[in-house]
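Here full-length UniProt numbering is used: the first residue of the sequence shown is 1, the next is one more, and so on.
All C-beta atoms, glycine included, are put in the ideal place defined by N, C-alpha and C.
Here the structure is a predicted model, which means the values were calculated and not measured.
A quick write-up on the structure given underneath.
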Amino acid sequence: MINVRNRGFAVPFLQRLIQVNTCNPPGNEHKLSLLLQDELRELGITSSISNVEQGRSNLEAVIAGSGTRKLMFCGHLDTVSPWSAAAGSYPPHGAVIEGGRMYGRGTSDMKSGLAAMLLAAASLHQDGIRLAGDLVFLATAGEEVDSCGARLYAEQHRHDLPELDGLVIGEPTGSRVAVGHKGALWLRISLFGRSAHGSMPQLGLNAVEGMMEVIALLHRHALEWQATDPVLGSSSLSVNKITGGVQTNVVPDQCTIDVDIRTVPPLAHGPLLREIEDKLQEIQRLHPDYRYQVDQLLDRSVVYTDPGQRLITTALEIAAQQRRQGQAGGPDEEAEGDAAIDVTPVQGVPYYTDGSVLHDNGRLPVLIYGPGDHRLAHQPDEWVDIEAFLESIDFYRELAIRFLGKAEE
1 MINVRNRGFA
11 VPFLQRLIQV
21 NTCNPPGNEH
31 KLSLLLQDEL
41 RELGITSSIS
51 NVEQGRSNLE
61 AVIAGSGTRK
71 LMFCGHLDTV
81 SPWSAAAGSY
91 PPHGAVIEGG
101 RMYGRGTSDM
111 KSGLAAMLLA
121 AASLHQDGIR
131 LAGDLVFLAT
141 AGEEVDSCGA
151 RLYAEQHRHD
161 LPELDGLVIG
171 EPTGSRVAVG
181 HKGALWLRIS
191 LFGRSAHGSM
201 PQLGLNAVEG
211 MMEVIALLHR
221 HALEWQATDP
231 VLGSSSLSVN
241 KITGGVQTNV
251 VPDQCTIDVD
261 IRTVPPLAHG
271 PLLREIEDKL
281 QEIQRLHPDY
291 RYQVDQLLDR
301 SVVYTDPGQR
311 LITTALEIAA
321 QQRRQGQAGG
331 PDEEAEGDAA
341 IDVTPVQGVP
351 YYTDGSVLHD
361 NGRLPVLIYG
371 PGDHRLAHQP
381 DEWVDIEAFL
391 ESIDFYRELA
401 IRFLGKAEE
């Protein structure tokens with residue numbers, strides 16, 4: 001019988017995932033859903049695919065246990081765009097192995113975490129270990145842009161999410177236990193003026209120059225509402241895209257900026273958006289010929305789980321034991337319990353995850369844990385450490401066993 005946790009199976013399995021191009025846009029995640037379904041079928045596990053839109057889908061598999069407890073392993077199928085040949089040394093979908101690393105788009109973010117969670121679940125089925133609860137594996141489409149897959153799942157399973165007892169997101173954390181992430185609010189602000197000949201600017205209303213005042217206002221306002229959380233870090237505001245103007249000799253009548261706002265408690269997105277709109281109205285009263293428009297592009301809530309929650313304490317115990325095993329170079333003979341608890345403080349991650357869509361309005365404990373390094377995400381020559389990937393399979397497997405328990409014989 002094939003051992004799915006064995007290097008000879010697990011590493012080529014991850015390579016096959018990396019070699020499937022699921023760069024978003026457009027995503028094309030359905031190709032990977034079909035590959036995973038075929039792999040699961042070979043291992044004797046039934047799965048279902050839900051279409052999100054043309055060429056895009058989610059995949060779900062349930063390792064049924066006894067009892068009513070439920071734990072979900074969740075990861076996304078899509079990646080960001082590939083790097084150019086000039087930017088990197090390795091092909092984005094080559095899954096090249098060199099120096100103990102696998103290179104490719106999605107190796108860190110987050111096909112390594114996705115593969116490890118699937119293999120962990122499959123190993124339990126393969127070994128005949130019946131858990132005292134259901135283990136749900138969910139692979140989603142579209143996390144890198146709009147979480148379309150997670151949103152569809154949440155809509156289709158709105159009566160099932162309250163039945164979950166824990167959610168594990170396999171995003172890159174460098175094999176560290178993370179308990180949450182900042183919220184994300186993306187805004188598109190458009191300013192409309194009046195065009196004129198570039199030689200007679202007094203006859204127009206320059207939207208690009210007017211937008212400079214809006215940007216300055218946003219940064220001043222960000223200083224007023226800035227907040228800091230000991231785990232999640234500080235709030236931030238960044239103007240990351242600007243478009244405007246037609247050509248050099250035409251006064252621009254329109255300018256648009258995209259603003260990325262990251263929030264931590266106690267900031268709330270609704271009141272914050274209203275404050276920004278109020279500030280813009282103050283400018284408009286001073287410059288009544290301008291017209292403003294604010295569109296919300298993305299709204300992802302803060303995710304935070306109390307470190308005392310059982311899902312987190314269990315994860316800390318397992319992570320600490322794996323570290324000691326690695327340092328000793330052999331099995332850890334210490335008993336489970338307080339001696340195994342990690343003394344390293346828990347952390348947050350800077351990016352947002354599908355957890356903000358699936359955490360049932362903050363009720364559900366969320367653990368973020370993955371073998372990748374978030375600093376490599378979206379970068380040229382993205383890679384994952386192969387040993388970290390293999391260790392994460394054992395981590396997820398042990399987490400499911402300890403959190404759900406084994407069914408009584």
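Would you identify the three-state DSSP class for residue i, choosing helix, strand or coil?
i           : result
residue 279 : helix
residue 372 : coil
residue 86  : coil
residue 133 : strand
residue 213 : helix
residue 200 : coil
residue 479 : The shown model of the chain, from 1 to 409, leaves out residue 479, and the question about it has no answer.
residue 72  : strand
residue 1   : coil
residue 193 : coil
residue 180 : strand
residue 398 : helix
residue 351 : coil
residue 365 : coil
residue 236 : strand
residue 66  : coil
residue 53  : strand
residue 144 : coil
residue 99  : coil
residue 59  : strand
residue 149 : helix
residue 158 : coil
residue 346 : coil
Can you tell me whether residue i is buried or exposed? The criterion is at least 16 other CB atoms within 10 Å of its CB, across all chains shown.
i           : result
residue 12  : exposed
residue 241 : exposed
residue 72  : buried
residue 37  : buried
residue 30  : buried
residue 22  : buried
residue 338 : Confidence is the limiting factor: at residue 338 the pLDDT is only 41, short of 50, which leaves the residue's position unreliable and the question unanswerable from this model.
residue 226 : exposed
residue 26  : exposed
residue 200 : exposed
residue 197 : exposed
residue 171 : buried
residue 144 : buried
residue 64  : exposed
residue 41  : exposed
residue 246 : exposed
residue 166 : buried
Give me, in chain order, the residues of the same chain whose beta-carbon lies closer than 6 Å to that of residue i; leave out the 5 immediate sequence neighbours on both sides.
i           : result
residue 291 : 192
residue 342 : Confidence is the limiting factor: at residue 342 the pLDDT is only 42, short of 50, which leaves the residue's position unreliable and the question unanswerable from this model.
residue 392 : 116, 371
residue 190 : 256, 293
residue 140 : 58, 76, 149, 150, 354
Can you find the residues in the same chain that come closer than 7 Å, C-beta to C-beta, to residue i, ignoring five residues on each side of it along the sequence?
i           : result
residue 327 : none
residue 410 : Residue numbering for the chain in the displayed model covers 1 to 409; residue 410 lies beyond these limits and cannot be assessed.
residue 176 : 347
Spatial neighbours of residue i within its chain, please: C-beta separation below 8 Å, excluding the five flanking residues on both sides.
i           : result
residue 187 : 258, 259, 261, 273, 276, 294, 295, 296, 297
*Identify every run of the alpha helix (DSSP H) within the stretch 13-49, keeping only runs that are complete inside it and at least 4 residues long; order them along the chain.*
29-42
*Hey, which unbroken runs of the alpha helix (DSSP H) at 4 residues or more fall wholly within the stretch 253-329?*
269-286, 310-328
*the stretch 188-205 contacting the stretch 245-254, beta-carbon criterion three pairs below 8 Å*: At 8 Å Cβ cutoff, the stretches touch.
_Contact between the stretch 278-286 and the stretch 132-142 is defined here as three or more beta-carbon pairs at a separation below 8 Å; is this criterion met?_
no
_Stretch pair the stretch 147-166 + the stretch 218-238: three plus CB contacts closer than 8 Å_ = Verdict: no, contact absent.
*Does the stretch 354-365 come close enough to the stretch 149-156 to have 3 or more Cβ pairs within less than 8 Å?*
yes
*asked:* Count Cβ pairs between the stretch 102-120 and the stretch 378-392 that sit closer than 8 Å; are there 3 or more?
replied: In the pairwise beta carbon analysis, the stretch 102-120 is classified as touching the stretch 378-392: at least three pairs are separated by under 8 Å.
*Touch test, the stretch 43-56 against the stretch 116-127, Cβ-Cβ under 8 Å, three pairs minimum*: yes
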